[in-house]
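J.: Pasting a structure here, questions to come.
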Amino acid sequence: MIKKFSDYTWKGVEKHIYKENPEVFRAVTKQVLFEHEGDLPVQFRYFEVDRDGFSSLEKHEHMHMVVIFRGKGHVLLNQQVSGISEGDLIIIRPWEWHQFRADEGEKLGFFCLVNAQRDFPVYPTKDDLRKMHENPAVHSFLQGQSGPREK
Ligand code: MN
5 MIKKFSDYTW
15 KGVEKHIYKE
25 NPEVFRAVTK
35 QVLFEHEGDL
45 PVQFRYFEVD
55 RDGFSSLEKH
65 EHMHMVVIFR
75 GKGHVLLNQQ
85 VSGISEGDLI
95 IIRPWEWHQF
105 RADEGEKLGF
115 FCLVNAQRDF
125 PVYPTKDDLR
135 KMHENPAVHS
145 FLQGQSGPRE
155 K
């Protein structure tokens, strides 16, 4: 079977807002492209973060394999902030804090592979956040200021 691609959507795939929690994420859509069939016990999704948006800051036991498909931005992996762009491959290991930000003035789209059976994410406590903000690079990232500054 084939699901035809056009304008960052796939025919027959529903596009919806990822999680209804505006405190934790902003302007993210999710399309589930593949859901556990046959001998592939995985879910394959496409997320798109609108300009200045961000995915939720979370950690969990299950892993992600992410490939950037559109645009650029930054990713936080524990204490490490990295610029990311089309084609970059990002492995997110168990219990690693992670967040994606479209902080380079354009949309950020990425594929994300997960196990079909997975645990629920954990979100940072106030104490976790306080510790994260002690790192200047992480602080800038969380303020949405890793990208180019407004002129
Ligand atoms: Mn995650």
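Each residue of the sequence shown is one higher than the one before, counting from 5 in our numbering. Cβ coordinates follow ideal geometry from the N, Cα and C atoms, glycine included. A quick note: this is a predicted structure, and the numbers were derived from the prediction, not measured.
(1) When you compare each of Asp107, Ala106, Glu90 and Gln84 to Ile96 by their alpha carbons, which one comes out closest?
(2) Quick one: is the Cβ of Glu62 within less than 6 Å of any heavy atom of ligand 1?
(3) Are there 16 or more other CB atoms within 10 angstroms of the CB of Ile21, so buried, or fewer, so exposed?
(4) Considering only C-alpha positions, which residue in the set Glu108, Met136, Phe48 and Leu44 is nearest to Leu81?
(5) So is Ile88 buried or exposed if we call it buried at 16+ other beta carbons inside 10 Å?
(6) With which residues is His64 paired in a DSSP beta bridge?
(7) When you compare only the Cα positions, how much space is there between Leu61 and Phe104?
(8) Could you spell out where the alpha helix (DSSP H) holding Pro140 opens and where it closes?
(9) Within a Cβ cutoff of 7 Å, which residues of the same chain sit near Met69, ignoring the five residues on either side of it in sequence?
(10) Please go through the same chain and pick out, in chain order, the residues whose beta-carbon is closer than 6 Å to the beta-carbon of Glu90, but skip the five residues on each side of it.
(11) Quick check on the DSSP output: the beta strand (DSSP E) that includes Lys19 runs from which residue to which?
(12) Determine the DSSP secondary structure at Met69, reduced to helix, strand or coil.
(13) So the candidates are Arg49, Arg30, Asp43 and Leu44; which of them puts its Cα closest to the Cα of Val36?
(14) Taking Arg30 as the reference, which of Lys8, Lys111, Met5 and Lys15 has the closest Cα?
(15) From which residue to which residue does the alpha helix (DSSP H) around Lys135 run?
T.: In this structure, then:
(1) When each option's Cα is compared against that of Ile96, the closest is Gln84.
(2) Taking the Cβ of Glu62 as the reference point, at least one heavy atom of ligand 1 falls within a distance shorter than 6 Å.
(3) Taking all protein chains in view, the Cβ of Ile21 is surrounded by fewer than 16 other Cβ atoms within 10 Å, so the residue is classified as exposed.
(4) For the residues Glu108, Met136, Phe48 and Leu44, the minimum Cα distance to Leu81 belongs to Met136.
(5) Answer is buried; the Cβ neighbour count reaches 16.
(6) DSSP links His64 through a beta bridge to no other residue.
(7) Cα-Cα distance, rounded: 8 Å.
(8) According to the DSSP assignment, Pro140 belongs to the alpha helix (DSSP H) that extends over Pro140 to Leu146.
(9) Correct list, in chain order: Ile95 and Leu117.
(10) Contacts found: Ile72.
(11) From DSSP, the beta strand (DSSP E) with Lys19 extends over Lys19 to Ile21.
(12) In the three-state reduction of the DSSP assignment, Met69 falls in the strand class, which pools E and B.
(13) It is Arg49.
(14) Among Lys8, Lys111, Met5 and Lys15, the Cα nearest to that of Arg30 belongs to Lys111.
(15) Run containing Lys135: Lys130 to His137, per the alpha helix (DSSP H) assignment.
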